[in-house]
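Novice:
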């Protein structure tokens, strides 16, 4: 017996979990280093990408572009006008996908949108026309737009329009319908269509009037405040919704619109804690667009799901998609729904995590980890883990609980593949079957495949060593 | 050299700070037990009070009454009507005080109130009449009301009226004027009086219409939400203000009042992050009133300051005041004001700490400790320390960062005197001179004297030991 064992033992372990578990079972304090061996078979391309002499500077440039972007709400108008969208052409969430591979909620939302546009007299007829190939589809991301859940946009739907005056870019998102039986979760019953009509006839025009009278509203400044108020900007947007409404109020009240309409609009907006999500998303899209297209940068600029595939885009590879199978979230179910009712992960809302909030800012919204039985320390641990995957912090968005450190920003695909740790996404869950609507909310991760595929593609684009300076 | 010194030393110290400091200077990890000897000379009465067999049950009863109280906003009306207040009779913050001992800001607020009531043609005339004894004063607390800072209430001022439907009690507070040059900070310039007139002619009547049409608004439920949104309810009421405005909005918009008035009211309320403070305070007053008058209970039911004296009341001693000199806060100064410009602590707003929020919920609002150069861990340490002074937690008000533990509630005077630790109060700072207005915001503690005096009085009220069962 040597002297050292008479004091308290403290052990540091790295790698194999078994060592730490065994020691802890014997009551020995153990500090684990979060090191995991890289995913098997990926060593060669990973090494090549990590040695790319452009990488560090390119990532710094991508991060600087993301964190310096502007995002002001400048208008509210129909997609027909804002995006030059024709009737019969539909935008959807996530990477490209054809009707035959589409999941229930995406099909359901398209059925509803076809009925809403008057292109079919019944859901049955809409489905038949969709299956027959009468209409065309395109990812919202391809138009600089984003949509939560199914993310379906048709010509008559009204859109928030945001502008980045630093990089002169625009982004768009539809208006949030509320929770439960709504189109974006795949529901298309008559009440869903009626609500869309009211949104097109009353809500959209009222918010257009209010937004134009108010002038540009700095959405990034509201996000900076909301993340100090328990909102992480993805599954919780309570303070953000009230702060946006506050900006519109004077213009809404003096709009000259019928009082019943103004009241209905105010009650609709303030009664839906998620209303602000559809403004946060295009703001995050503007940040990631600003960071896209930097040669040699391994920063993820899109994470999006169509309910079947999870797709990412990487700054140095422009608009190429890298996909893998969408996962089912772990979370809390509404009413008597259960895991069998849930569709795999769907929606463009993971743009919030791509820009450093949502699951990445979990530490500021511990109420959300309670959905999966977690505690405050789990929430803090999640944000800590995300710092390890990111190229930097966003000083404009300070997290009080992290001693005002900026949000973890700019997911590095090499960090994901090297550590085996995946980005954490907070999400709603859609019913598996078309027409059901929301069944729950919870936490989910992307499939590792898309990050591996991106690393392989990055490796192919690394300049030959002879070209290095 | 024995074996133990080859490992890392960890030392636990209790009492004299010097041991811990010396060890730490030598690089030795030291855990301090926050134990302090009781205040000298107080041992005998303290022992007597702590041995009082009624104490534990009485404190549990006081806590249960506080945490089960209701507090709904039920009306907004003039003090003349709500409190049967005559012209020439003025309420003020803190314990009783005469004109000759009043501080600058309290005198300034009274001067402004006399001018506002038309009882003098100029501030000079108002001051002369006040000094001549033409008017009468009374603590707001004596009428079940509370007021921030000077807390001056005159007959024409409009009041929030709250009702506790569990204990059938009412409480009142004036409407918040905003920050800077305002009456409650001792300012009385013409713009201050003009604002009070607008509040009496437009704001008060509009909020009366909105409140009566809306019906009772559960203020404790809003507080439960706001403390999950970075507000501690004393120096930060941002989310609370927006949530209260949201409740009023439909009624305000459909009130039939002129659109310009509705817009002005909405902009006034939403443009003042402190507006909700004047609703939180009477809600806290209802909680503490519910816990007052329990024989044998050592729970503090009032902490209030008039700018000269700091006074407390204790449940087992009913409405008796125990006072000591008010202290100057440590904090951040506005513009080019400094410590010499600050008046000692003033206002009834420490009713928030008495009910378990404000400085007691500091952990949820780390932005506030930054005022005094503190960090997140200082904020958490403050709330931890307050648990040590309190008889229990309020389960209705969960603090996310404390793993959803309830707010520390029911300050025990024996815990304060026994440990030498004082309650932590967040506060605004008024200028020392009448007429100046706000000079800063910061942190302050009560003087130990009032807690000692309360312990001595409690000891006199302990039944003789022969009466113990």
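Chains as they are written, first to last, in this note's numbering: chain X, 14 to 482; chain D, 14 to 482.
All C-beta atoms in this analysis are idealised placements derived from N, C-alpha and C, irrespective of residue type, glycine included.
Just so you know, these numbers come straight off a predicted model, no measurement behind them.
In whole angstroms, what is the alpha-carbon distance linking residue 465/D and residue 471/D?
Specialist: Looking up residue 465/D in the second chain gives position 452. Looking up residue 471/D in the second chain gives position 458. Those two C-alpha atoms are separated by around 10 Å.
Novice: Can you list, in chain order, the residues of its chain with a C-beta nearer than 7 Å to that of residue 446/D? Leave out the 5 residues immediately preceding and following it.
Specialist: Here the question's residue 446/D lines up with position 433 in the second chain. Around residue 446/D: 117.
Novice: Measure the beta-carbon distance from residue 173/D to residue 292/D and round it to whole angstroms, keeping in mind my assumption that it falls under 8 Å.
Specialist: For the purposes of this step, residue 173/D is taken as residue 160 along the second chain, with counting starting at 1. For the purposes of this step, residue 292/D is taken as residue 279 along the second chain, with counting starting at 1. The Cβ separation is near 5 Å, so the contact holds.
Novice: So, residue 11/D versus residue 412/D, is the Cβ gap smaller than 9 Å?
Specialist: Coverage of chain D is limited to positions 14 through 482, which leaves residue 11/D absent and any answer about it impossible.
Novice: What residue from 384/X, 67/X, 332/X, 286/X has the CA that sits closest to residue 302/X's CA?
Specialist: Translated into the one-based positions of the first chain, residue 302/X becomes position 289. Per the Cα distances, 332/X.
Novice: Residues of chain D with CB closer than 8 Å to the CB of residue 406/X, please, in chain order.
Specialist: If you number the first chain from 1, residue 406/X lands on position 393. The contacting residues do not exist; residue 406/X stays about 16 Å from chain D at best.
Novice: How would you call residue 155/X, buried or exposed, if buried means at least 16 neighbouring beta carbons within 10 angstroms?
Specialist: Position 142 of the first chain holds residue 155/X. Per the 10 Å Cβ criterion, exposed.
Novice: Counting C-beta neighbours from all protein chains within 10 Å, is the total for residue 308/X 16 or more, i.e. buried, or is it exposed?
Specialist: Position 295 of the first chain, counted from the first residue, corresponds to residue 308/X. Under this definition residue 308/X is an exposed residue.
Novice: What residues from chain D crowd round residue 510/X, counting only those whose CB sits closer than 7 Å?
Specialist: Chain X is shown only over 14 to 482; residue 510/X falls outside these bounds and no answer can be derived.
Novice: Tell me whether the beta-carbon of residue 368/X lies closer than 9 Å to the beta-carbon of residue 259/X.
Specialist: Within the first chain, numbered from 1, the residue matching residue 368/X stands at position 355. Within the first chain, numbered from 1, the residue matching residue 259/X stands at position 246. It is not a contact, given that the beta carbons lie outside the stated cut-off.
Novice: Would you say residue 241/D lies against chain X (beta-carbon separation less than 9 Å)?
Specialist: Position 228 of the second chain holds residue 241/D. So, interface residue.
Novice: Note down, in chain order, each residue of its chain lying with its Cβ closer than 8 Å to the Cβ of residue 252/X, except the 5 sequence neighbours on either side.
Specialist: The residue given as residue 252/X occupies position 239 in the first chain. Correct list, in chain order: 238, 239, 242, 243, 244.
Novice: Under three-state DSSP, which class holds residue 334/D?
Specialist: Here the question's residue 334/D lines up with position 321 in the second chain. Reduced to three states, the DSSP call for residue 334/D is coil.
Novice: At what residues does the beta strand (DSSP E) containing residue 502/D begin and finish?
Specialist: The structure shown does not extend to residue 502/D, since chain D is modelled only from 14 through 482, so no value can be given for it.
Novice: Rounded to the nearest angstrom, what separates residue 323/D and residue 285/D at their Cα positions?
Specialist: The count along the second chain starts at 1 and reaches residue 323/D at position 310. The count along the second chain starts at 1 and reaches residue 285/D at position 272. About 28 Å.
Novice: For a contact defined as C-beta to C-beta under 7 Å, what are the partners of residue 4/D on chain X?
Specialist: Outside the shown range of chain D (14 to 482) lies residue 4/D, about which nothing can therefore be said.
Novice: What are the residues in the region 377-394 of chain D lying within 7 Å of chain X by C-beta distance?
Specialist: Within the region 377-394 of chain D, the qualifying residues are 379, 380, 388, 389.
Novice: Below 8 Å on the Cβ atoms is my contact criterion, and I expect residue 361/X with residue 164/X to pass it. Report the Cβ-Cβ distance as a whole number of Å.
Specialist: On the first chain, position 348 is the one that residue 361/X refers to. On the first chain, position 151 is the one that residue 164/X refers to. So it is a contact: roughly 5 Å between Cβ atoms.
Novice: Excluding sequence positions up to five away, which residues of its chain have a Cβ less than 6 Å from the Cβ of residue 300/D?
Specialist: Taking the second chain and counting its residues from 1, one reaches residue 300/D at position 287. So the qualifying residues of the chain are 79, 82, 368.
Novice: What would DSSP say about residue 263/X, mapped onto helix, strand or coil?
Specialist: As a position in the first chain, residue 263/X is number 250, starting the count at 1. In this structure, residue 263/X counts as helix in the three-state DSSP scheme.
Novice: Compile a chain-ordered list of the residues in the region 214-236 of chain X whose CB is closer than 7 Å to at least one CB of chain D.
Specialist: Result list empty, no residue passes.
Novice: Which of the three DSSP states, helix, strand or coil, is assigned to residue 316/X?
Specialist: The residue given as residue 316/X occupies position 303 in the first chain. Reduced to three states, the DSSP call for residue 316/X is strand.
Novice: Closest by CA to residue 181/X, which one among 356/X, 296/X, 468/X?
Specialist: Within the first chain, numbered from 1, the residue matching residue 181/X stands at position 168. When each option's Cα is compared against that of residue 181/X, the closest is 296/X.
Novice: In chain X, what lies closer than 8 Å to residue 263/D by C-beta?
Specialist: Here residue 263/D refers to the residue found at position 250 when the second chain is read from its first residue. Result: 276, 279, 280.
Novice: In this structure, does DSSP put residue 173/X in helix, strand or coil?
Specialist: Position 160 of the first chain, counted from the first residue, corresponds to residue 173/X. Correct three-state label for residue 173/X: strand.
Novice: Ignoring anything shorter than 4 residues or poking outside the region 187-266 of chain X, list the alpha helix (DSSP H) runs there in chain order.
Specialist: If we require 4 residues or more, the alpha helix (DSSP H) runs fully inside the region 187-266 of chain X come out as 203-211, 217-227, 232-239, 251-266.
Novice: Below 8 Å, how does it come out for the region 414-430 of chain X and the region 392-399 of chain X: are there three or more Cβ pairs, yes or no?
Specialist: Segments in contact, yes.
Novice: Name, going along the chain, the residues of the region 404-431 of chain X whose beta-carbon falls closer than 7 Å to a beta-carbon of chain D.
Specialist: Per Cβ criterion, the list reads 413, 414, 416.
Novice: Report all residues from its chain with a CB closer than 8 Å to the CB of residue 219/D; omit the five preceding and five following residues, and keep chain order.
Specialist: Indexing the second chain from 1 puts residue 219/D at position 206. 265, 268, 270, 274, 275, 278.
Novice: Residue 259/D touches chain X at which residues, Cβ-Cβ below 8 Å?
Specialist: Taking the first residue of the second chain as position 1, residue 259/D is located at position 246. Under the 8 Å cutoff, chain X gives 255, 258, 283.
Novice: Taking only beta-carbon positions, decide if residue 251/D is within less than 9 Å of chain X.
Specialist: The residue you call residue 251/D lines up with position 238 of the second chain. Closer than 9 Å: yes.
Novice: Three-state secondary structure (DSSP) at residue 388/D?
Specialist: Locating residue 388/D in the second chain gives position 375, where the first residue counts as 1. Three-state DSSP puts residue 388/D in coil, outside helix and strand.
Novice: Do you know offhand how far residue 380/X's Cα is from residue 112/X's?
Specialist: What you label residue 380/X is simply residue 367 of the first chain in a count that begins at 1. What you label residue 112/X is simply residue 99 of the first chain in a count that begins at 1. Going by the C-alpha atoms only, they are around 37 Å apart.
Novice: Look at residue 441/D and residue 161/D and say whether their C-beta atoms are less than 9 Å apart.
Specialist: The count along the second chain starts at 1 and reaches residue 441/D at position 428. The count along the second chain starts at 1 and reaches residue 161/D at position 148. Cβ distance < 9 Å, so residue 441/D and residue 161/D count as in contact.
Novice: I'd like the span of the beta strand (DSSP E) that includes residue 425/D, first residue to last.
Specialist: For this step, residue 425/D is matched to residue 412 along the second chain. Unbroken run through residue 425/D: none, as it is neither H nor E.
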